[in-house]
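Q: Would you mind keeping the following structure in view while I ask a few things?
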Amino acid sequence: KGPDPDLVGIVERMATVKHKILVLSGKGGVGKSTFSAQLSFALAEMECQVGLLDIDICGPSIPKMLGLEGQDIHQSNLGWSPVYVESNLGVMSIGFMLPNPDDAVIWRGPRKNGLIKQFLKDVDWGEIDYLVVDAPPGTSDEHISIVQYLQATGIDGAIIVTTPQQVSLIDVRKEINFCKKVGVPVLGVVENMSGLRQALSDFRFVKPSEGGEMDATEWALNYIKERAPELLTMIACSEVFDSSKGGAEKMCNEMGVPFLGKVPMDPQLCKAAEEGRSCFVDQKCGASAPALKSIVKKL
Ligand code: ADP
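Numbering (UniProt numbering), first residue to last: 49 to 347.
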């Protein structure tokens with residue numbers, strides 16, 4: 049039996065991609081796609097040529113997070129052309145192929161694998177420095193195929209995104225063990241939604257209803273607003289999730305993998321993701337952007 053022609057095609061196509069990074073999470077909703085999107089923006093801002101490949105076939109959120117909803121993929125004789133956010137940031141997602149964003153993709157393993165193979169073989173990224181691959185949560189069929197295909201072309205490693213709660217960390221352990229088993233280096237773990245950091249100026253001031261009592265926090269905020277408005281730029285922080293058992297950093301030490309850092313829960317980052325923007329271009333994401341930047345520098 050000769051070499052698998054698909055694998056040969058993938059190796060040829062990936063020859064123009066310098067670095068390949070897989071972004072994983074144990075659970076959904078921990079911010080994996082947000083991180084993949086902002087990592088791609090950050091690398092593009094550093095003048096790198098970047099490709100972002102969304103293989104979260106059942107829940108492709110990358111088009112929205114990059115402000116590319118409703119865009120179509122074009123084909124040329126070189127293959128499928130990515131959709132470009134900037135000249136140095138191209139995106140490919142199954143989201144671009146669905147006629148209606150509300151459509152559910154109900155596919156079995158082989159069909160999903162077929163599409164992943166096609167994404168790796170047929171997308172014309174050109175010469176790029178980084179390919180960031182946003183994987184679905186968990187460790188399923190898709191993970192095994194993407195790892196198998198990427199390993200044939202050389203993969204730098206995986207970044208695992210988690211929140212500080214034990215329920216999420218338990219799944220991260222599985223994810224790390226998966227990487228160890230299949231031989232993918234773990235570049236590190238990111239603890240997302242690690243405490244809520246919010247400028248006091250972002251709090252809403254609600255007028256107490258007639259005859260109603262004003263709650264103490266609201267009273268204090270109104271007091272500050274009137275007497276010391278300069279304090280409103282202060283950042284308030286509260287731990288939203290119970291991380292008393294040590295969080296991701298402790299787990300990384302125990303499992304011998306790098307801890308890349310904490311990204312706070314930041315309403316401005318959530319807004320940037322909703323609007324498909326980079327959190328680095330303006331000063332709005334004051335709580336999360338510096339944390340994300342310092343993580344990117346460690347890669
Ligand atoms: P996943 O890819 O893990 O399923 P998403 O990236 O889609 O998770 O994130 C889920 C939701 O949480 C999104 O609405 C996103 O904007 C929001 N989010 C992610 N990280 C943060 C954060 N650090 N602060 C605030 N909101 C966040």
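Note that CB positions come from ideal geometry on N, CA and C, so glycine has one too.
(1) Which of helix, strand or coil does DSSP assign to SER73?
(2) I think GLY74 touches GLY236, with their Cβ atoms under 8 Å apart; what is that distance to the nearest whole Å?
(3) Tell me, which residues are paired with HIS67 by DSSP?
(4) Would you give the residue range spanned by the beta strand (DSSP E) that PHE307 belongs to?
(5) Thinking just about the alpha-carbon of each residue, which of ALA206, ASP120, THR64, TYR178 is nearest to the one in LYS228?
(6) Along the chain, where does the alpha helix (DSSP H) that runs through LYS186 open and close?
(7) Quick check on ASN125: does DSSP put it in helix, strand or coil?
(8) Measure the alpha-carbon distance for MET313 versus MET241 and round it to whole angstroms.
(9) Note down, in chain order, each residue of its chain lying with its Cβ closer than 8 Å to the Cβ of VAL215, except the 5 sequence neighbours on either side.
(10) According to DSSP, which residues form a beta bridge with TYR132?
(11) What residue range does the beta strand (DSSP E) around ILE224 cover?
(12) Any chance the CB of ALA183 is under 7 Å from a heavy atom of ligand 1?
(13) Does ILE272 come out as helix, strand or coil in the three-state DSSP assignment?
(14) Taking DSSP's pairing of strands, which residues face ALA206 in a bridge?
(15) Return yes when at least one heavy atom of ligand 1 lies under 7 Å from the C-beta of LYS80, else no.
(16) Could you give the distance in angstroms between the alpha-carbon of GLY79 and the alpha-carbon of GLU287?
(17) Shortest alpha-carbon distance to LYS165 belongs to which of LEU217, TYR178, HIS191, ASP150?
(18) GLU175: which of LYS66, GLY334, LEU55 sits nearest, CA to CA?
(19) How big is the Cα-Cα spacing for SER129 and ILE218?
(20) With hydrogens ignored, establish whether the beta-carbon of LEU87 is closer than 7 Å to any heavy atom of ligand 1.
(21) Where does LEU91 fall in DSSP's three states?
(22) For the 8 Å Cβ check, are there 3 or more pairs between the stretch 295 to 303 and the stretch 317 to 328?
(23) When we look at the beta-carbon of ALA276 and count the other beta-carbons within 10 Å, is it buried (16 or more) or exposed?
(24) Name the DSSP bridge partner or partners of ASN301?
(25) Alpha carbon to alpha carbon, how far is LEU72 from TYR271?
(26) Would you identify the three-state DSSP class for SER193, choosing helix, strand or coil?
A: The short version:
(1) strand
(2) Wrong, their Cβ atoms sit about 15 Å apart, outside the cutoff.
(3) TYR178
(4) Unbroken beta strand (DSSP E) run through PHE307: 307 to 313.
(5) ALA206
(6) It should be pointed out that residue 186 corresponds to Gly in this sequence rather than to Lys. Taken as a continuous stretch (DSSP letters only), GLY186 belongs to no alpha helix (DSSP H), as it is neither H nor E.
(7) Coil.
(8) 4 Å
(9) Answer for VAL215: LYS75, listed in chain order.
(10) GLY138
(11) Counting along the chain, ILE224 falls outside any beta strand (DSSP E), though it belongs to the alpha helix (DSSP H) covering 214 to 230.
(12) No.
(13) helix
(14) LEU70, VAL234
(15) yes
(16) 17 Å
(17) HIS191
(18) LYS66
(19) Pairing SER129 with ILE218, the inter-Cα distance amounts to about 39 Å.
(20) no
(21) It is helical.
(22) no
(23) exposed
(24) DSSP, once it has assigned bridges, lists no residue as partnering ASN301.
(25) Using only the alpha carbons, I get a separation of about 45 Å.
(26) helix
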